[in-house]
Amino acid sequence: MPPEPDDFASPLDRVLTTCPLATPPPADLEERCLATLHRLAEEERFAARRAPSWRPVLAAAAAGLVLSLAAWAALSALSPHAPVDLSDPLAPRLATVLGPAEPVFESAPAAPAVAPAPAGKGKTPAAALAESTRPAPGYVNPERRRQLLYSVLHLDVEELNPALQQASSLIDSAGGFLEESDLRLEERLARRQASFRARVPAAQLEALLTSLRALGQVQVVRNDSEDATKDFREKGATIREAGADEDALVARYLKTKNLFVRQRLYEQILDMRRHNQAQKRSIKTLDEASRWALLEVSMRERLTLHRVAVGAVSHLGPALAWTGATAVVWLPLMVLLALARRRPAAG
Amino acid sequence: MRKDPRASALRRREEHVWEQLVSSQYERIYRLHLRLGPGPDTAADLTQDTFEAAWKAAPQFRGESRPEVWLYGVALNVNRNWWSRRRPEEPLPEEVIQDLPDTEPTAAEVYLLRQQHELVCRAVARLPETYRRALALHYFLEVPAVEIAAAEGVEPGTVRWRLHEGLRRLWILLQPALGKELGQDAPRAGRLRLAP
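Protein chains in written order, with the working numbering: chain P, 3 to 349; chain R, 4 to 199.
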């Protein structure tokens, strides 16, 4: 194929295109090149025979991995140790009934301040958003919502004492305190278990649960919550009404001159005060309960071969002792039985 | 550009396709190596090396150019590597290339050059890699600029410029030697510095 004539108008074109070298190639060059080719092909075949192809191995490994993951996922779904959803299932229903609820485990960030709309220039998007989200009548401020949180956590741990210490320090660092604790030994299997009840600040409950779950294998985790806002408001209204009634009774008492009526009013006022104090204590308890979440944790040492063996050995001693103690009864009986069987044979 | 049907067979290293390629191209490859410098024995060795290198690089052949053009590119790489092991590259000083006037050979000079094949080939071998590849593919192996562009992954205009610039630089290299061949007195000082 001749070079394109319109490429360059250089006289050297002709020099280069007519620059053949008269020297012919060696006669055996083609054979040498073909021999090189065959040698390379043979080397490749030999290498392929010696080195197994990794593709099937990798494919089998990938398939095994996928199957293992699928099996693990299926077993996890069936296992009782499957991670439990910590969200409150009742929250949507409560929100429907009582209005928007406060997040169960953490407080919502404060809403950004909305800049007022400039006068005469229409509403800014932020102002329009603020107006569109204005609370409806009867709306309860989320910050005033009262949620009663209650969580249960059962763990299997390697060693009970270190786990208990860690749990205690975690509760302390979360600002909580232990209400009640119980330590028991399961004699038959020589493993100990302990349970305790703690009160922690409601905002710290979720983080604390996450930390506690890391101490062992989770067997049971349960989170309950109850919106007590309505109860709280009703109690508050009752107390306010009772206070107003009391004030009215006191006013009547001060105006009344009749001693008999004054005496009756005085007794009524005292009764009402006692009743009001009981209501105040109740609402105070409710307030405390809404600020302090209740957490019940149960820990049990994991069942290992060593513990089973220790349990068996610990039972062996009492069994031997019981056998020795009752030997007074069964040993003479066995001797008598042996003699009774031998005597007819001798006769 | 439509892919060559032989590309996949070459990638799979099917021997009969490779044998056809060797039988049809070994002579051209040999002549290419011979023109670019080494003697006949070395050119024969480099021809073998070219086919070996092409066999090893076959999986990377994308089939965007004719297999022959791809093979020529491999041959030029083999040749360059051989030269790089032999002597360090001696590029032309750029300032000299810029300073020289854009002259062309006269008819007498062209006639003389056509008698001096070895002189021309030696000068081509001294060119920088980019221009040497373009000139060798286009003039020695008769590959059109469009195909060179496809094989090198550049625009056809770039290849044409490389060819033009390569010819200019080639003439700069040939001019002083030609002066001696013509029996003239020493040429201008600038040209003496470029004598091969």
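Idealized CB from N, CA, C, for every residue including glycine.
Assumed close pair residue i, residue j - CB separation to whole angstroms, cut-off 8 Å
{"i": "L217(P)", "j": "S153(P)", "result": "With a Cβ gap of about 15 Å, L217(P) and S153(P) do not count as contacting."}
{"i": "P43(R)", "j": "L37(R)", "result": "6 Å"}
{"i": "V3(R)", "j": "A148(R)", "result": "Residue numbering for chain R in the displayed model covers 4 to 199; residue 3(R) lies beyond these limits and cannot be assessed."}
{"i": "Y33(R)", "j": "A47(R)", "result": "6 Å"}
{"i": "L13(R)", "j": "A60(R)", "result": "About 10 Å; that fails the 8 Å criterion."}
{"i": "Y75(R)", "j": "V146(R)", "result": "7 Å"}
{"i": "A182(P)", "j": "R199(P)", "result": "A small correction: the amino acid at residue 182(P) is Glu; Ala does not occupy that position in the sequence shown. Right, the Cβ-Cβ distance comes to about 5 Å (below 8 Å), so this counts as a contact."}
{"i": "E248(P)", "j": "R275(P)", "result": "7 Å"}
{"i": "R9(R)", "j": "W58(R)", "result": "Not quite, the Cβ-Cβ distance comes to about 14 Å (not below 8 Å), so this is no contact."}
{"i": "L214(P)", "j": "L172(P)", "result": "6 Å"}
{"i": "Q281(P)", "j": "T240(P)", "result": "6 Å"}
{"i": "S300(P)", "j": "Q195(P)", "result": "7 Å"}
{"i": "L272(P)", "j": "R254(P)", "result": "With 8 Å as the limit, L272(P) and R254(P) do not qualify as a contact, their Cβ atoms being about 14 Å apart."}
Environment of residue i [buried if 16+ CB atoms lie within 10 Å]
{"i": "H19(R)", "result": "exposed"}
{"i": "D184(P)", "result": "exposed"}
{"i": "V350(P)", "result": "Since the displayed chain P opens at 3 and closes at 349, residue 350(P) lies outside it and no answer follows."}
{"i": "V81(R)", "result": "buried"}
{"i": "V99(P)", "result": "Here V99(P) scores only 40 on pLDDT, less than 50, and its place in the model is too uncertain to base an answer on."}
{"i": "A137(R)", "result": "buried"}
{"i": "K125(P)", "result": "In this prediction, K125(P) scores a pLDDT of 49, lower than 50, which makes its location untrustworthy; no coordinate-derived value is stated."}
{"i": "L2(P)", "result": "This structure leaves residue 2(P) out entirely; chain P is present only between 3 and 349."}
{"i": "R343(P)", "result": "exposed"}
{"i": "S350(P)", "result": "Any question about residue 350(P) goes unanswered here, given that chain P covers just 3 to 349."}
{"i": "A329(P)", "result": "exposed"}
{"i": "S89(P)", "result": "Unreliable placement is indicated for S89(P), whose pLDDT of 40 sits below 50; no coordinate value is reported for it."}
{"i": "V337(P)", "result": "exposed"}
{"i": "F262(P)", "result": "exposed"}
{"i": "N225(P)", "result": "buried"}
{"i": "A152(R)", "result": "buried"}
{"i": "P26(P)", "result": "exposed"}
{"i": "E108(P)", "result": "Note that E108(P) scores 38 on pLDDT, short of 50, meaning its location in the model is unreliable and no value can be drawn from it."}
{"i": "H141(R)", "result": "buried"}
{"i": "F64(R)", "result": "buried"}
Under 7 Å from the C-beta of residue i: neighbouring residues of chain P
{"i": "S26(R)", "result": "E32"}
{"i": "E158(R)", "result": "The premise fails here: E158(R) is roughly 14 Å from chain P at the closest Cβ pair, so nothing lies under 7 Å."}
{"i": "E55(R)", "result": "T38 and L42"}
{"i": "E30(R)", "result": "P27"}
{"i": "E22(R)", "result": "L36 and L39"}
{"i": "W58(R)", "result": "L39 and L42"}
{"i": "Y33(R)", "result": "P27 and L31"}
Residues that residue i contacts on chain P, provided the C-beta gap is smaller than 9 Å
{"i": "Q51(R)", "result": "L31, R34, C35, A37 and T38"}
{"i": "Y213(R)", "result": "Outside the shown range of chain R (4 to 199) lies residue 213(R), about which nothing can therefore be said."}
Limits of the beta strand (DSSP E) - the one that residue i falls within
{"i": "V72(R)", "result": "Where V72(R) is concerned, there is no enclosing beta strand (DSSP E), although the alpha helix (DSSP H) it sits in stretches over P70 to R89."}
{"i": "R1(P)", "result": "Given a span of 3 to 349 for chain P in the structure shown, any question on residue 1(P) remains unanswerable."}
Proximal residues of chain R, C-beta to C-beta of residue i below 8 Å
{"i": "T25(P)", "result": "L37 and P43"}
{"i": "P58(P)", "result": "Under the 8 Å cutoff, chain R gives no residues; its nearest Cβ is about 19 Å from P58(P)."}
Of the listed residues the options, nearest to residue i (C-alpha basis)
{"i": "W294(P)", "options": "V223(P), A230(P) and L151(P)", "result": "L151(P)"}
{"i": "V222(P)", "options": "W56(P), V312(P) and R302(P)", "result": "R302(P)"}
{"i": "L1(R)", "options": "P8(R), E22(R), S11(R) and A154(R)", "result": "Residue 1(R) lies beyond the stretch modelled for chain R, which goes from 4 to 199, so this question has no answer here."}
{"i": "Y134(R)", "options": "L166(R), E71(R), F64(R) and R15(R)", "result": "L166(R)"}
{"i": "E71(R)", "options": "L39(R), R31(R), Q51(R) and Q63(R)", "result": "R31(R)"}
{"i": "L162(P)", "options": "R193(P), V17(P), A291(P) and Q149(P)", "result": "R193(P)"}
{"i": "L177(R)", "options": "L130(R), F143(R), E150(R) and G156(R)", "result": "L130(R)"}
{"i": "V37(P)", "options": "P41(R), G40(R), Q51(R) and L39(R)", "result": "Checking the sequence shown, residue 37(P) turns out to be Ala, not Val. That would be Q51(R), whose Cα lies nearest to the Cα of A37(P)."}
{"i": "A205(P)", "options": "S316(P), L339(P) and G177(P)", "result": "G177(P)"}
{"i": "T231(P)", "options": "R148(P), V59(P), W74(P) and W332(P)", "result": "R148(P)"}
{"i": "E22(R)", "options": "G40(R), F54(R), G156(R) and S11(R)", "result": "F54(R)"}
{"i": "E298(P)", "options": "A321(P), S197(P) and E33(P)", "result": "S197(P)"}
{"i": "G40(R)", "options": "F64(R), S68(R), V25(R) and L122(R)", "result": "L122(R)"}
Per-residue contacts from residue i into chain R (C-beta, under 9 Å)
{"i": "E44(P)", "result": "Going along chain R, no residue has its Cβ under 9 Å from E44(P), so there is no contact; the nearest lies around 10 Å."}
Residue span of the alpha helix (DSSP H) that contains residue i, given as start and end
{"i": "Y255(P)", "result": "T231 to K257"}
{"i": "V127(R)", "result": "H120 to R129"}
{"i": "V149(R)", "result": "A148 to E155"}
{"i": "Y142(R)", "result": "Taken as a continuous stretch (DSSP letters only), Y142(R) belongs to no alpha helix (DSSP H), as it is neither H nor E."}
{"i": "L288(P)", "result": "L261 to R293"}
{"i": "L150(P)", "result": "Unbroken run through L150(P) is the beta strand (DSSP E), Q149 to V159; no alpha helix (DSSP H)."}
{"i": "F54(R)", "result": "P43 to A60"}
{"i": "L35(R)", "result": "E18 to R38"}
{"i": "E208(P)", "result": "L207 to R215"}
{"i": "T25(P)", "result": "From DSSP, T25(P) is part of no alpha helix (DSSP H); its letter is neither H nor E."}
{"i": "A165(P)", "result": "L162 to S175"}
{"i": "R14(R)", "result": "R9 to R14"}
{"i": "R304(P)", "result": "Per DSSP, R304(P) belongs to no alpha helix (DSSP H) and is neither H nor E."}
beta-carbon residue i near the ligand NAP non-hydrogen atom, thresh 7 Å
{"i": "Q221(P)", "result": "With respect to the ligand NAP, the structure offers nothing, as it holds no ligand at all."}
Interface partners of residue i on chain R, CB under 7 Å
{"i": "L14(P)", "result": "P108, L170, L173 and W174"}
Neighbouring residues, chain P, relative to residue i (Cβ below 8 Å)
{"i": "A47(R)", "result": "P27, P28, L31 and R34"}
{"i": "L138(R)", "result": "L18"}
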